[in-house]
Amino acid sequence: MILVFGSINIDVIVPVPRLPRHGETVLGSDYRLLPGGKGANQALAARRAGASVMLAGAVGNDAFAGAALELLRRYGVDLDLVQPVARPTGCAAIMVGEAGENLIAVAPGANATVAAAAVPDEVLRPDTIVLCQMEVPVFQTAALLRRAARRGARCILNLAPAAPIDADLLADIHLLVA
């Protein structure tokens, strides 16, 4: 089983002819609302590849929560460890230029409340792969990776978005994606 500990967002994607310069407004074409977040994307990709996947994260008690979780639910990702919290669901505003370049701003919302303590020890077994990224609080990610490694789980950390980590955490990581 793969346990993904990470972010769940709604992405607001606006295609633009070119990315705006500082202080400039550029008119785009029709926007799209899509489920996203590095954690949710990792969970969905692993599930589509045939793995048994559980996602641990948080969403708000708002209209975006259902949309953020619908595709995951449809593909059979276990959402038992997704907590509803009193913050908005995470949201990414993404402008995409014609050449594929982008500008992204993320409002973490509920993702800022994701806690390692919400993952029960019973899930952290030697046959579990724990997959983390850096869109939830780094200290919570580090706490989960340390606990998972002590319990025999294999640990993967995707260092995106880039953020510093304690060097001693490397001993608990089996695969580091930079």
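End of the sequence shown = 1410 in the numbering used here, gap-free, step of one.
Every residue gets a Cβ at the ideal spot worked out from N, C-alpha and C, and that includes glycine.
A straight line joining the alpha-carbon of Met1366 with that of Ala1295 spans about 25 angstroms. For the segment 1290-1327, the full-length beta strand (DSSP E) segments reaching 3 residues or more read 1310-1317 along the chain.
Taking 8 angstroms as the cut-off, the beta carbon of Leu1377 is found no closer than this to the beta carbon of Leu1408. By the Cβ criterion, the segment 1258-1266 is not in contact with the segment 1338-1347, since fewer than three pairs of Cβ atoms, one from each stretch, lie closer than 8 angstroms.
Taking 8 angstroms as the cut-off, the Cβ atoms of Leu1363 and Ile1234 count as close. With three or more CB-CB distances shorter than 8 angstroms, the segment 1328-1340 counts as touching the segment 1249-1257. The straight-line gap separating the alpha-carbon atoms of Gln1274 and Glu1256 is approximately 34 angstroms.
Closest in alpha carbon position to Ala1288, among Gly1238, Asp1400, Pro1396 and Val1355, is Gly1238.
Here Leu1402 is exposed. Its C-beta has fewer than 16 other C-beta atoms within 10 Å. Assignment of Arg1382 by DSSP, reduced to helix, strand and coil, places it in the helix class. By the Cβ-count criterion, Asp1310 is buried, with 16 or more other Cβ atoms from all chains shown falling within 10 Å of its own Cβ. Residue pairing by DSSP places Pro1247 opposite Val1328 in a beta bridge.
Distance from the CA atom of Pro1352 to the CA atom of Ile1245, rounded to whole angstroms, is 35 angstroms. Leu1304 is the residue among Leu1304, Gly1268, Val1338 and Ala1299 whose C-alpha sits nearest the C-alpha of Arg1279.
When rounded, the separation of the alpha-carbon atoms in Gly1271 and Pro1247 is 24 angstroms. Where Ala1275 is concerned, the enclosing alpha helix (DSSP H) starts and stops at Lys1270 to Arg1280. If you ignore the 5 residues before and after Val1236, its C-beta comes within less than 6 angstroms of the C-beta of Gly1271, Gln1274, Ala1275, Leu1287 and Leu1363, all in its own chain and listed in chain order.
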